[in-house]
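Taking it in order: structure first as structure tokens, then the write-up.
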Amino acid sequence: MVFVHGGGVSGWMWDKQIEHFCSNFHCLVPDMPEHGRSKKGIQFKINDVADELNELIEEKGKGKRVIVIGFSLGAQVLIAMLSKKPNLIDFAMINSALVQSVPFANTLIKSMMFAFPLVRYKAFSKIQAKSMYIDKDYQGIYFQESCQINKDAFVRIMNENMSFKIPSSFESSNSKILVTVGEKERKIMKDSMKEMIEKNPNCKGLIIPKIGHGFSLADPRLFNTTLEEWIISE
């Protein structure tokens with residue numbers, strides 16, 4: 001099992017999943033470039049991360065069933081992984097992936113830059129953490145990692161996120177794919193799920209009731225059960 005975290009967090013977001021699955025699966029939880037404990041000096045690019053993770057799976061996953069789970073920015077990376085290597089991954093769970101154009105993306109990113117200095121204030125960080133379903137045990141590390149991201153990295157990551165489109169080769173992926181989105185997420189996220197389902201016949205869609213952006217953090221037990229039951233049913 002490979003867990004690919006979202007933007008602004010790192011591998012710790014999957015702790016509850018690792019705790020649940022590690023007795024039956026070899027779990028890999030990388031920190032993507034410019035996040036967490038990743039090597040300094042390497043810039044984040046969706047396609048580059050996808051290539052690196054596919055290479056890691058080829059190295060570690062020989063003869064094994066491969067399951068990859070991605071959230072948000074990490075879900076976009078997973079889509080790129082599936083598109084580049086259509087037969088490498090057996091099961092892919094894509095959670096809250098944006099694949100449609102964000103209206104006035106550049107203007108939106110510029111407006112977000114005005115609030116960027118606030119990430120260095122703990123009070124603001126706590127509000128952000130709460131909106132992302134990050135519980136008290138992880139708010140300290142979330143604040144710490146938020147302070148590590150500089151403006152250039154933030155803009156670069158947001159541009160990657162908001163400009164991402166489904167590659168044409170995604171339709172050739174032979175993986176079994178589960179696409180989830182929270183009921184409380186924006187319409188563009190639900191439309192993104194619909195587009196993925198239309199592009200690949202192996203995709204199944206699932207809307208999670210009463211949850212926004214952050215299924216695995218909002219309800220780890222339900223997330224783990226959903227993933228487990230889907231793998232067994234397939």
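Using full-length UniProt numbering, you'd call the opening residue of the sequence shown number 1 and step up by one each time. Glycine residues also receive a C-beta, built at the ideal position from the N, C-alpha and C atoms.
Classify C27 as helix, strand or coil using the three-state DSSP reduction. Position 27 of the sequence shown, counted from the first residue, corresponds to residue 27. Here C27 sits in coil by DSSP.
Taking only the alpha-carbon atoms, compute the straight-line gap between A153 and D31 and give it to the nearest angstrom. In the sequence shown, counting from the first residue as 1, residue 153 sits at position 153. In the sequence shown, counting from the first residue as 1, residue 31 sits at position 31. Cα-Cα distance, rounded: 15 Å.
According to DSSP, N95 sits in a beta bridge with which residue or residues? Along the sequence shown, read from residue 1 onward, the residue named residue 95 stands at position 95. Paired residue(s): F71, T180.
Paired residues, beta bridge with V4 - DSSP: Reading the sequence shown from its first residue, position 4 is the one you call residue 4. Residue pairing by DSSP places V4 opposite G70 in a beta bridge.
Should K209 go down as buried or exposed, given a rule of 16 or more other Cβ atoms within 10 Å for buried? Mapped onto the sequence shown, residue 209 falls at position 209. Position check: residue 209 holds Pro in this sequence, whereas Lys was assumed. Label assigned to P209: exposed.
Looking at V4: is its Cβ nearer than 8 Å to the Cβ of L78? On the sequence shown, position 4 is the one that residue 4 refers to. On the sequence shown, position 78 is the one that residue 78 refers to. Between V4 and L78, the CB-CB gap stays under 8 Å.
Do S73 and G11 have their C-beta atoms closer together than 8 Å? Sequence index remark: in the sequence shown, residue 73 carries index 73 (1-based). Sequence index remark: in the sequence shown, residue 11 carries index 11 (1-based). Here the sequence assigns Leu to residue 73, which means Ser is not the residue at that position. Against a cut-off of 8 Å, the Cβ pair of G11 and L73 comes out as no contact.
Would you mind stating whether L82 and S23 have Cβ atoms separated by less than 8 Å? Within the sequence shown, residue 82 is the residue found at index 82, counting from 1. Within the sequence shown, residue 23 is the residue found at index 23, counting from 1. No, these two residues do not count as a Cβ contact at 8 Å.
Start and end of the alpha helix (DSSP H) containing L118? Counted from its first residue, the sequence shown places residue 118 at position 118. No alpha helix (DSSP H) holds L118; DSSP gives it neither H nor E.
Please say whether Q139 and K126 have beta carbons closer to each other than 8 Å? Here residue 126 refers to the residue found at position 126 of the sequence shown. Here residue 139 refers to the residue found at position 139 of the sequence shown. Taking 8 Å as the Cβ cut-off, K126 and Q139 qualify as a contacting pair.
Please state if the CB of N202 and the CB of I166 are separated by a distance shorter than 8 Å. As a working note, residue 166 is residue 166 in the sequence shown. As a working note, residue 202 is residue 202 in the sequence shown. Going by C-beta atoms, I166 is not nearer than 8 Å to N202.
V115 burial status per 10 Å Cβ neighbour count (16 or more: buried): Position 115 of the sequence shown holds residue 115. Per the sequence shown, the amino acid found at residue 115 is Ala instead of Val. Exposed.
At the level of alpha carbons, what is the spacing between R37 and S146? Here residue 37 refers to the residue found at position 37 of the sequence shown. Here residue 146 refers to the residue found at position 146 of the sequence shown. If you take the alpha carbons of R37 and S146, they lie about 12 Å apart.
Cα-Cα, which of S111, I89, M132, M93 is closest to residue 245? This structure cannot settle anything about residue 245, because the visible part of the chain is limited to 1 through 234.
The stretch 50-61 in contact with the stretch 92-103 per 3-pair CB rule at 8 Å: With a cut-off of 8 Å on Cβ pairs, the stretch 50-61 is not in contact with the stretch 92-103, counting fewer than three such pairs.
Beta-carbon gap between N95 and F215 smaller than 8 Å: Translated into positions along the sequence shown, residue 95 becomes position 95. Translated into positions along the sequence shown, residue 215 becomes position 215. Yes, these two residues count as a Cβ contact at 8 Å.
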